[in-house]
């Protein structure tokens, strides 16, 4: 006997997999916020009418992850058990093939599983970030020597990259840095199974910069991956997120953040682990310029074995100049005219 479901969403995502859904499930009714009446002989109801139906699952067939989160949270607020909410992405399409599981949690957030890693995401922004790390493999490097790797994760965000680095056999230890309180808490939650072992990972509630400072700056939970400790960069990011419909102005707040000078933080690590590869990952929304300048001026930039960085808004020319003078070779990839990647390495492996 087919399992009885309510199906949310009558858009293109559903249309693409309508045949497969009907073959597996018995659709009792459809839920849609715009359409009314009937579809394929089944009633179309409003979301607050779900309680009048007998069903095992509500399958949310919406392509946009942000909308999936919104609908899941609405259903949970109405008393629907999160175990009865299935995202279409967990069953059909590209994401179902990439992730081993995609499930809705009791707080309405999403849990992504891949290769033994389990990461909670709270927004489309964070979902995309985890996708880049675990699926697009933006940090999947290899160093052809017999040394262990020490990874400095600057702009740790919710911990996706740190978890990925920890999972690699060659990684001896990860140091993670994240200045924003809510984001740091999310990273701490995602990394909790590792944090009991300080020999494997340590995380710090401050950012890395070219100088030591404390400041009051805007924070929005909808754009944790675009947050910056530089006000002008943060304004650029907010404009982009707003244009994409990813931020809600009601979630804006001010937060005091701390950043520390890169050379002061990294020198002791380099000295302690001088027999290891020192790998630097920078995704710190504009701070990369001050960081590389500081490391170059303090004559320790050339002590890194490999650097993976994302540049923001000011281009790559200045960054490449520091890397060239420090003896690095590199290759680049540009996502747009305001964001791109640089991968730099020393030819002494």
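In my numbering, the protein residues as written are 6 to 354. The C-beta atom is built at its ideal place from N, Cα and C for all residues, glycine as well. The structure displayed is predicted, hence computed values, not measured ones.
query: Can you name the start and end residues of the beta strand (DSSP E) that residue 3 belongs to?
result: This structure leaves residue 3 out entirely; the chain is present only between 6 and 354.
query: Contact check, residue 316 vs residue 306 under 8 Å by CB: the rounded distance?
result: As a position in the chain shown, residue 316 is number 311, starting the count at 1. As a position in the chain shown, residue 306 is number 301, starting the count at 1. Cβ-Cβ separation between residue 316 and residue 306: approximately 15 Å, too far for a contact (criterion under 8 Å).
query: For residue 48, which of helix, strand or coil comes out of DSSP?
result: Position 43 of the chain shown holds residue 48. Taken through DSSP and simplified to helix, strand or coil, residue 48 comes out as strand.
message: I need the boundaries of the beta strand (DSSP E) containing residue 106, first residue and last residue.
response: Here residue 106 is taken as the residue at index 101 of the chain shown, counted from 1. Following the DSSP letters along the chain, one finds residue 106 inside the beta strand (DSSP E) bounded by residues 106-109.
message: Please report the distance separating the alpha-carbon of residue 196 from that of residue 31.
response: The residue labelled residue 196 in the question sits at position 191 within the chain shown. The residue labelled residue 31 in the question sits at position 26 within the chain shown. Approximately 39 Å, taken between the alpha carbons.
task: Would you tell me roughly how many angstroms separate the C-alpha atoms of residue 182 and residue 342, rounded to the nearest one?
output: Locating residue 182 in the chain shown gives position 177, counting from the first residue. Locating residue 342 in the chain shown gives position 337, counting from the first residue. So the alpha carbons of these two residues sit roughly 27 Å apart.
field: Delimiting residues of the alpha helix (DSSP H) encompassing residue 190
entry: The count along the chain shown starts at 1 and reaches residue 190 at position 185. Following the DSSP letters along the chain, one finds residue 190 inside the alpha helix (DSSP H) bounded by residues 186-195.
- request: Using a threshold of 8 Å, state whether the C-beta atoms of residue 163 and residue 118 are closer than that.
  value: Within the chain shown, residue 163 is the residue found at index 158, counting from 1. Within the chain shown, residue 118 is the residue found at index 113, counting from 1. It is not a contact, given that the beta carbons lie outside the stated cut-off.
task: Would you list the residues sitting across from residue 265 in a DSSP beta bridge?
output: Mapped onto the chain shown, residue 265 falls at position 260. Residue pairing by DSSP places residue 265 opposite 213 in a beta bridge.
- prompt: Rounded to a whole number of angstroms, what is the C-alpha to C-alpha distance between residue 311 and residue 333?
  reply: By one-based count along the chain shown, residue 311 stands at place 306. By one-based count along the chain shown, residue 333 stands at place 328. Spanning the two alpha carbons is a distance of roughly 9 Å.
query: Between residue 397 and residue 292, which are expected to be in contact by the criterion C-beta below 8 Å, what is the C-beta distance as a whole number of angstroms?
result: This structure gives no information on residue 397, because the portion of the chain shown stretches from 6 to 354.
message: Let's see if you can read the secondary structure: which residues bound the alpha helix (DSSP H) around residue 65?
response: Taking the first residue of the chain shown as position 1, residue 65 is located at position 60. Careful: residue 65 lies outside any alpha helix (DSSP H), inside the beta strand (DSSP E) at 62-65.
- request: Name the residue from 308, 187, 104 and 219 whose alpha carbon lies nearest to the alpha carbon of residue 227.
  value: Looking up residue 227 in the chain shown gives position 222. For the options 308, 187, 104 and 219, the alpha carbon positioned closest to that of residue 227 is the one of 187.
message: For the segment 273-280 against the segment 241-249, do three or more pairs of beta-carbon atoms, one drawn from each stretch, fall closer than 8 Å, so that the two count as touching?
response: No, the segment 273-280 is not in contact with the segment 241-249.
- prompt: How long is the line joining the alpha carbons of residue 202 and residue 154, rounded to whole angstroms?
  reply: Taking the chain shown and counting its residues from 1, the one referred to as residue 202 is at position 197. Taking the chain shown and counting its residues from 1, the one referred to as residue 154 is at position 149. Distance from the CA atom of residue 202 to the CA atom of residue 154, rounded to whole angstroms, is 17 Å.
query: If we ignore side chains and look at the alpha-carbon of each, how far apart do residue 47 and residue 114 end up?
result: In the chain shown, the residue the question calls residue 47 occupies position 42. In the chain shown, the residue the question calls residue 114 occupies position 109. One Cα belongs to residue 47, the other to residue 114, and the distance between them is close to 30 Å.
field: Distance between residue 124 and residue 224 (C-alpha atoms, nearest Å)
entry: Counted from its first residue, the chain shown places residue 224 at position 219. Counted from its first residue, the chain shown places residue 124 at position 119. Cα to Cα, residue 224 sits roughly 22 Å from residue 124.
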